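Number of protein chains: 2
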Amino acid sequence: MGAQGLVAPSALIEQLQWRYAVKKFDPHRTIPEDVWQALAESLRLSPSSFGLQPWRFFVIRDRALKAKLLPHSWNQQQVVDASHVVVLARKSEVGEAEADAYLTDMAQTRGVPLEQLAGFGKMLKGFLAKPPLDLGEWSTRQVYIALGQFMTAAAMLGVDTCPMEGFLPDQYDEILGLPALGYRSVLVCPAGYRAADDAYANLPKVRFPAAQMLTYLGE
Amino acid sequence: MGAQGLVAPSALIEQLQWRYAVKKFDPHRTIPEDVWQALAESLRLSPSSFGLQPWRFFVIRDRALKAKLLPHSWNQQQVVDASHVVVLARKSEVGEAEADAYLTDMAQTRGVPLEQLAGFGKMLKGFLAKPPLDLGEWSTRQVYIALGQFMTAAAMLGVDTCPMEGFLPDQYDEILGLPALGYRSVLVCPAGYRAADDAYANLPKVRFPAAQMLTYLGE
C-alpha cells in the first residue's frame, strides 16, 4: 500500500465504469458500519484549499426525516430509499475565527507552537480578508471536491451513490436546522445499494471519447 | 469487483491518509503509461451534473512548457517537477450546442433514436436556458468534482498529487491557447511521485475530528 498503490490500473477503470448515478436504491439494504466509517473518513479526509475544511457533512438514516426531504428533492425517491443520505454543507461564514480554529488544530496535531505557523496564518488570513471571489462560492467549490472524493471512495468500496444538485437548499436548511449551526447545504448524495431492477444500471455510460476530453500540449 | 468493492474499508482509509498535497516532487520519476491511462480515465469518467461534462483536461509533460507556467503558479516548483501537470478547464460557453452534442453522443452510445431522449433534452435545455446560477460558475463547480475523483483515484494507484488554485488562470489560458479552443482553466493538479526529502510527507495530516465534521440527524 502507500506508494505501491492499492489497486491495479485496469481494476480502477473497471470500478469507475461500474459507478453510475443510481435512480433506484434497494430500500432494504444498509451500508455495513465498517464500510460507512470508511466513507465518513473519505469525507473528513477530503482535500480543500489551504486545508481549511470550510464544511460539515450531515448524515440522515432516519426514514421519517428522509421522507420530509423528498418534496424538496424534486421528488427523487433516492433520498428516501438510500441507506445513508449525506448533505454536504459549507460554512455560512469563513473568516478570522475559522482560520484561528484551524491554526490551533494544526498546532496541536503537529505538536508545534502557534507562533511557528505565523507565516502560513498570515497568508491564509490575507486570502480570507481579500478573497479573489466570494467566500461563499469559494467554500461551495471546496464542497464539490469532497463530493468527488466521496463518490470515488464509495465506488472503490462497492457502494452506490447518486450526486444531486436538484434539491431546494433553503428548504433543506430549514428542515435540518443548518443555519443555526452555521452551515448551508450545497449538495446531497444518497449512498447505498442499487435496486436489482434499476434499469439505469445497465445503460452504457455516456462519455465523450478520450481524444476529445484529454489534450496533450507541448509535445 | 463491482458490487463486491475493490478495497477493504481499512485499506481505503490508510491510503487516503497516505495522500497529501506534495510540496516537492521527484523530478526523475515518471508515471508509467498504464497507470497514467487509468488516471486519464478517472478524469474522463468523472460524474457531472446531467452528465454534461462541461470540461476538458489539458496534460503537460514537456519540461519547457512547464517552465513557462512556473512564474504564473506562484513559483510553485511542483508545476515543473511533477511527471504530469493536469490543467482542468471548463467550457467557455455552455448552451444549446453543447446540449445537442451531448444528446447526440448519448443516442449513439446507447443505440437509441434522438427522439427517445426528447424529455431529457428538454429538461437539460430548460436548465441551461434559465440556470439558477451563472453557467460559468456552474461549470467551474463541476470541474472540482473531477479534481476530487482524480486525486482519490491517484491515491488508490499510489500516485501523488498537489491540487492548486494558486495560479493565474488568464496567463495559463494565454500560454496554453485555451480560449481559442473554447476553454478556461479552473484548476491545476501536478501528479507524479513525492521526493524522498519532501518534509511535508511526514507531517501529521490536519483534520478536524469526526465528531465535529460529521453530524447524524434525526436519530
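Line order of the protein sequences matches chains X and A. Be aware that the first sequence starts at 1, since it is given in this note's numbering, and climbs by one per residue. Be aware that the second sequence starts at 1, since it is given in this note's numbering, and climbs by one per residue. Heads up, the beta-carbon is just placed ideally off N, CA and C, and yes, glycines get one too. Since the structure is predicted, the reported quantities are computational estimates derived from the model, not experimental observations.
Let me see if you follow: with CB-CB separation under 7 Å, is residue i close to chain X or not?
i, result
"residue 98 of chain A", "no"
"residue 62 of chain A", "yes"
"residue 18 of chain A", "yes"
"residue 31 of chain A", "no"
"residue 156 of chain A", "yes"
"residue 200 of chain A", "no"
"residue 4 of chain A", "yes"
"residue 110 of chain A", "yes"
"residue 15 of chain A", "yes"
"residue 86 of chain A", "no"
"residue 182 of chain A", "no"
"residue 76 of chain A", "no"
Report the CB separation of residue i from residue j in whole angstroms; it is logged as a contact under 8 Å.
i, j, result
"residue 85 of chain X", "residue 66 of chain X", "6 Å"
"residue 78 of chain X", "residue 25 of chain X", "6 Å"
"residue 5 of chain A", "residue 5 of chain X", "With a Cβ gap of about 16 Å, residue 5 of chain A and residue 5 of chain X do not count as contacting."
"residue 112 of chain X", "residue 7 of chain A", "Incorrect: roughly 33 Å between the Cβ atoms, too far for contact."
Alpha carbon to alpha carbon, how far is residue i from residue j?
i, j, result
"residue 219 of chain X", "residue 32 of chain X", "48 Å"
"residue 2 of chain X", "residue 12 of chain A", "10 Å"
"residue 114 of chain A", "residue 73 of chain X", "28 Å"
"residue 221 of chain X", "residue 190 of chain X", "The structure shown does not extend to residue 221 of chain X, since chain X is modelled only from 1 to 219, so the question has no answer here."
"residue 201 of chain A", "residue 134 of chain X", "32 Å"
"residue 136 of chain A", "residue 213 of chain A", "30 Å"
"residue 29 of chain X", "residue 44 of chain A", "30 Å"
"residue 68 of chain A", "residue 170 of chain X", "45 Å"
"residue 140 of chain A", "residue 130 of chain X", "21 Å"
"residue 160 of chain X", "residue 198 of chain X", "12 Å"
"residue 168 of chain A", "residue 37 of chain X", "38 Å"
"residue 152 of chain A", "residue 166 of chain X", "25 Å"
"residue 56 of chain X", "residue 95 of chain A", "33 Å"
"residue 53 of chain X", "residue 19 of chain X", "26 Å"
"residue 254 of chain A", "residue 132 of chain A", "For residue 254 of chain A there is no data in the structure shown, the boundaries of chain A being 1 and 219."
"residue 15 of chain A", "residue 70 of chain A", "30 Å"
"residue 182 of chain A", "residue 138 of chain A", "16 Å"
"residue 35 of chain A", "residue 172 of chain X", "41 Å"
"residue 196 of chain A", "residue 174 of chain X", "50 Å"
"residue 122 of chain X", "residue 27 of chain X", "49 Å"
Check whether the Cβ of residue i lies closer than 7 Å to any Cβ atom in chain A.
i, result
"residue 185 of chain X", "no"
"residue 165 of chain X", "yes"
"residue 178 of chain X", "no"
"residue 104 of chain X", "no"
"residue 215 of chain X", "yes"
"residue 172 of chain X", "no"
"residue 79 of chain X", "no"
"residue 40 of chain X", "yes"
"residue 192 of chain X", "no"
"residue 54 of chain X", "no"
"residue 218 of chain X", "yes"
"residue 9 of chain X", "yes"
"residue 131 of chain X", "no"
"residue 116 of chain X", "no"
"residue 141 of chain X", "yes"
"residue 49 of chain X", "yes"
"residue 126 of chain X", "no"
Are the beta-carbon atoms of residue i and residue j separated by less than 7 Å?
i, j, result
"residue 204 of chain A", "residue 109 of chain X", "yes"
"residue 50 of chain X", "residue 124 of chain X", "yes"
"residue 80 of chain X", "residue 194 of chain X", "no"
"residue 99 of chain A", "residue 128 of chain A", "yes"
"residue 46 of chain X", "residue 192 of chain X", "no"
"residue 144 of chain X", "residue 144 of chain A", "yes"
"residue 39 of chain X", "residue 155 of chain X", "no"
"residue 142 of chain A", "residue 48 of chain A", "yes"
Is residue i near the ligand HEM, with its Cβ less than 6 Å from a heavy atom?
i, result
"residue 208 of chain A", "The ligand HEM is not part of this structure, which contains no ligands at all."
Would you say the segment 91-105 of chain X touches the segment 57-68 of chain X, given that touching needs at least three Cβ pairs under 8 Å? no
Would you say the segment 204-214 of chain X touches the segment 184-196 of chain X, given that touching needs at least three Cβ pairs under 8 Å? no
With three or more beta-carbon pairs closer than 8 Å as the criterion, would you say the segment 104-115 of chain X touches the segment 102-109 of chain A? no
Are there three or more Cβ pairs, one per stretch, closer than 8 Å when the segment 176-183 of chain A is compared with the segment 136-149 of chain A? no
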